[in-house]
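Visitor: Please see the structure below; I have some questions.
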């Protein structure tokens, strides 16, 4: 008798993703592990995203449309609808390598104490071409401090979660009448880090990675938010929330985590060619804590150098040294 439920569910949050969602869905349908459903959560799109998804005849694809609730809200809706024993996430502009789902399910089956499995990612541009930069995070012995400071999961398309591990992770906030929240919808940014941190400080499940760069993570330089300071303020609000759950964690590692976040924002400003802002965030990072410079001297120095070149010499000189500055280290 055929199993009524798929082994895995892949949640695809989609907002005005018409230019990329076809490529994303094709990569998911090409998985070597085939017993899955794809739940596309249309988060209030105004383009042809819905029409493209409806054009697929594959019965494994389910479409849920909702008024815009943000990325966290789309993830929550997808999780609530998921029927699989494993739940993965893939943003509507990213791609999975064909073996990704199979390798994560094997990892979770072989390690019953692991709740979240993840792997590294390779970055691609808006045309799907490699930019030569990989995210190669720490894979084993992940601690709350690791998630707080460096978020080894890396991006929203890297994780596959055991559904059983989601049971104790969800909650129903006041005023919510439709379904639980796993990710805090009050955060339009930093919602993933907040979720992973809350998971690791409140659950007994392990977070663990597997080798390889199994996600192709698309970067949109022109689409990066210009309001970088707002991103940092949102991160600070996330930190304050976690401080109420794990005050010792924030007391011990808050300055270090802030320094890493400020360095990340400096690199985003470099991508935006906002030299003065990039240099400002790089210097604020060093002021917050010297730990990133000690722990990752090459990446920290490269970030500072890239920011300084744009701030002092402008885009002309930076264009000649960009590959050397940012291509020598992981994102």
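In our numbering, the protein residues as written are 103 to 433.
For glycine and all other residues, C-beta sits at the position ideal for the given N, C-alpha and C.
1) Taking just the CA atoms, how far does residue 164 sit from residue 158?
2) So, under 8 Å CB-CB, residue 319 and residue 196 are touching, yes? Tell me the CB distance rounded to an integer number of Å.
3) My output table needs one value for residue 317: the three-state DSSP class, helix, strand or coil.
4) Between residue 362 and the rest of its own chain, which residues show a CB-CB distance below 7 Å, the 5 nearest in sequence each way excluded?
5) For residue 283, which of helix, strand or coil comes out of DSSP?
6) At 3 residues or longer, what runs of the beta strand (DSSP E) sit wholly inside the segment 330–354?
7) Relative to the C-alpha of residue 321, which candidate in 337, 258 and 167 has its C-alpha closest?
8) Can you find the residues in the same chain that come closer than 8 Å, C-beta to C-beta, to residue 312, ignoring five residues on each side of it along the sequence?
9) With contact counted as at least three CB pairs below 8 Å, one residue from each stretch, are the segment 337–344 and the segment 377–393 in contact?
10) Buried or exposed: where does residue 107 fall if 16 or more other Cβ atoms within 10 Å of its Cβ makes it buried?
11) What residue range is occupied by the uninterrupted beta strand (DSSP E) comprising residue 115?
12) Specify the secondary structure class of residue 387 as computed by DSSP and reduced to three states.
13) Mind checking residue 171: buried by the 16 CB within 10 Å criterion, or exposed?
14) By Cβ distance, which residues of its chain are closer than 7 Å to residue 270, with the 5 residues on each side in sequence left out?
15) Please specify which runs of the beta strand (DSSP E), each continuous and at least 3 residues long, are wholly inside the segment 122–199, giving them in chain order.
16) Using only the alpha-carbon positions, how far apart do residue 119 and residue 147 sit?
17) Taking a contact to mean a Cβ-Cβ separation below 8 Å, would you say residue 359 touches residue 371 in this structure?
18) Assuming residue 135 and residue 186 are in contact, meaning their beta carbons sit under 8 Å apart, how far apart are those beta carbons, in whole angstroms?
19) Specify the secondary structure class of residue 432 as computed by DSSP and reduced to three states.
20) My guess is that residue 274 and residue 282 are in contact by the Cβ rule of under 8 Å, so how many angstroms apart are they, rounded?
21) Could you tell me whether the Cβ atoms of residue 189 and residue 263 are closer together than 8 Å?
22) Residue 120 by DSSP, collapsed to three states: which one?
23) What number of angstroms, rounded off, separates the C-alpha of residue 161 from the C-alpha of residue 155?
24) Over what stretch of residues does the alpha helix (DSSP H) that includes residue 297 continue unbroken?
25) At the level of alpha carbons, what is the spacing between residue 248 and residue 398?
26) Put residue 271 into one of helix, strand or coil per three-state DSSP.
27) At a cut of 8 Å, does the segment 364–378 reach the segment 400–415 through at least three beta carbon pairs?
28) Excluding the 5 residues flanking residue 174 on each side, which residues of the same chain have their C-beta closer than 7 Å to its C-beta?
29) Is residue 327 helix, strand or coil when you go by DSSP?
Guide: Here's the rundown:
1) When rounded, the separation of the alpha-carbon atoms in residue 158 and residue 164 is 10 Å.
2) 5 Å between Cβ atoms; contact.
3) The answer is strand: DSSP assigns residue 317 an E or B state.
4) Apart from the 5 residues on each side of it in sequence, residue 362 sits with its Cβ closer than 7 Å to the Cβ of 251, 252 and 394 in its chain, given in chain order.
5) When DSSP states are grouped into helix, strand and coil, residue 283 belongs to the strand group.
6) Complete beta strand (DSSP E) runs here, min 3: none at all.
7) Of the listed residues, the one whose Cα sits closest to residue 321 is 258.
8) Only 205, 206, 209, 219, 220, 221 and 241 meet the Cβ criterion.
9) Here the segment 337–344 does not lie against the segment 377–393, with fewer than 3 beta-carbon pairs under 8 Å apart.
10) So residue 107 ends up on the exposed side.
11) 110–116 is the span of the beta strand (DSSP E), which, as asked, contains residue 115.
12) Note: residue 387 maps to helix in three-state DSSP.
13) When all chains shown are included, residue 171 counts as buried.
14) So the qualifying residues of the chain are 305.
15) Complete beta strand (DSSP E) runs here, min 3: 138–145, 163–168 and 188–191.
16) One C-alpha to the other measures close to 8 Å.
17) No, Cβ-Cβ distance for residue 359 and residue 371 is not below 8 Å.
18) With 8 Å as the limit, residue 135 and residue 186 do not qualify as a contact, their Cβ atoms being about 11 Å apart.
19) Residue confidence for residue 432 is low, a pLDDT of 43 falling below 50, so the modelled location carries little weight and cannot support an answer.
20) Correct: roughly 5 Å between the Cβ atoms.
21) Residue 263 is positioned such that its CB atom lies closer than 8 Å to that of residue 189.
22) For residue 120, the secondary structure class from DSSP, reduced to helix, strand or coil, is coil.
23) Rounded to whole angstroms, the gap between the alpha carbons of residue 161 and residue 155 is 11 Å.
24) For residue 297, the uninterrupted alpha helix (DSSP H) run begins and ends at 293–304, by DSSP.
25) The straight-line gap from Cα to Cα measures roughly 14 Å.
26) Looking at residue 271 - three-state DSSP - the assignment turns out to be coil, as it is neither helix nor strand.
27) Yes: the two stretches touch, three or more of their Cβ pairs being nearer than 8 Å.
28) Same-chain partners within the cutoff: 285, 286, 287, 289 and 293.
29) Low confidence applies to residue 327: its pLDDT is 49, below 50, so where it sits in the model is not reliable, and the reading given next is rough at best. Assigned with DSSP and collapsed to three states, residue 327 falls in coil, not helix or strand.
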